[in-house]
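I have placed the structure first, in the form of structure tokens, so that the comments after it can refer back to it.
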Amino acid sequence: MMGYRTATAPRNGTSRLDIRFDNAGVDFGTRSALLPLSLTLSERRIGVIGLNGSGKTTFARLINGLTKPTTGRVIVDGLDTLSDAKTVLGKVGYIFQSPQNQIILPIIRDDIAFGLKARRLGKAEIEAAVDGILDRFGVRHLAERRAHELSGGELQMAALCSVLVTGPDILILDEPTNQLDLKNRALVQKTIAGLPENVIVISHDLPLVEDFDRVLLFDQGHLVADAPPAEAIARYRELAA
Ligand SMILES: Nc1ncnc2c1ncn2[C@@H]1O[C@H](COP(=O)(O)OP(=O)(O)OP(=O)(O)O)[C@@H](O)[C@H]1O
Ligand SMILES: [Mg+2]
């Protein structure tokens, strides 16, 4: 699992983060996107699977506070995602379903540096951190490229750099292999396998999560399985049949 060595260790990569859903649910108007659920997540690698519209992204966005619970609470490392939103955002890195929505600045190097600007770092320190993260993923050649010119796989790697450079404790990836060819898919899978950070991966690409520690299956806003991968995937196949 950890065979793929990384050049730079993240700041807090080895700590275990405790995520607690306390009867947390989300309604959008009269529509329930996620029914209230209670659980604790502390495993290193967690997969989230289910049909389109089943609530996976809603569930994941609750963890970094991008979506607020309309019932109950979500507690990350003892912090409420409502009252401690800013600290939670710093702890939970999130790579969106479409990484093109994530890269803000036109040049990749600037985008990666952007996340560090809020810290009191000097120019040289920022440059070193940006180079360090690019080297960590072997994508230094992307530094001066324009985001809108990148392929899906390159964009996914750039998004990974932009998020991980800030040293989050946990990384959520929403469909990271969506639209990738076999080669880039393999690269992203290998990269995820080598991450020392805790990860939560939402995916329709089931082999990606099959060696994970725990897999959650959602159906129409309900958590219908919370099990080892083989069991959750088998339930999903039954459900989709
Ligand atoms: N901002 C929103 N406003 C209204 N409804 C929403 C909003 N976000 C999500 N929904 C609805 O909530 C439900 C769950 O959506 P969610 O994006 O969590 O599904 P998903 O499992 O991630 O689906 P997919 O596999 O297609 O990405 C869907 O019915 C969706 O239409
Ligand atoms: Mg989704």
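Sequential numbering of the sequence shown, starting at -8, is according to this note's numbering.
Using N, Cα and C, we set each Cβ at its ideal position, and we do this for glycine too.
| When you compare each of Ile86, Asn92, Cys152 to Leu107 by their alpha carbons, which one comes out closest? | Cys152
| In terms of DSSP beta bridges, what is Thr31 paired with? | Arg11
| message | Residues around ligand 2, please: the ones whose beta-carbon is closer than 7 angstroms to some heavy atom of it, in chain order. | response | Lys47, Thr48, Gln88, Asp165, Glu166, Ile193
| request: Evaluate contact between the stretch 209 to 219 and the stretch 9 to 28, counting only Cβ atoms and requiring at least three cross-stretch pairs below 8 angstroms. | output: yes
| said: Please determine whether the Cβ atom of Arg22 lies at a distance below 8 angstroms from any heavy atom of ligand 1. | reply: yes
| message | Checking the sheet assignment: what are the DSSP bridge partners for Tyr85? | response | Ile163
| query | Where does Arg205 sit, in a helix, a strand or coil, going by DSSP? | reply | strand
| field | Euclidean distance between Cα positions of Leu171 and Gly143 | value | 6 angstroms
| 6 angstroms CB neighbourhood of Leu208 in its chain, flanking five on each side removed | Ile40, Gly41, Val215, Ala216, Ala223, Arg226, Tyr227
| Is Gly16 near ligand 1, in the sense that its beta carbon is under 8 angstroms from a heavy atom of that ligand? | no
| field | Contacts around Arg52, its chain only, beta-carbon distance under 6 angstroms, and the 5 residues preceding and following it disregarded | value | Thr58
| request: Tell me whether Asn175 sits in a helix, a strand or coil according to DSSP, three-state version. | output: helix
| request: Express the C-alpha separation of Glu188 and Met(-8) in angstroms, rounding to a whole number. | output: Per-residue confidence for Met(-8) stands at a pLDDT of 34, beneath the threshold of 50, marking its modelled position as unreliable; the derived number appears in the next sentence. Roughly 13 angstroms separates the two Cα atoms.
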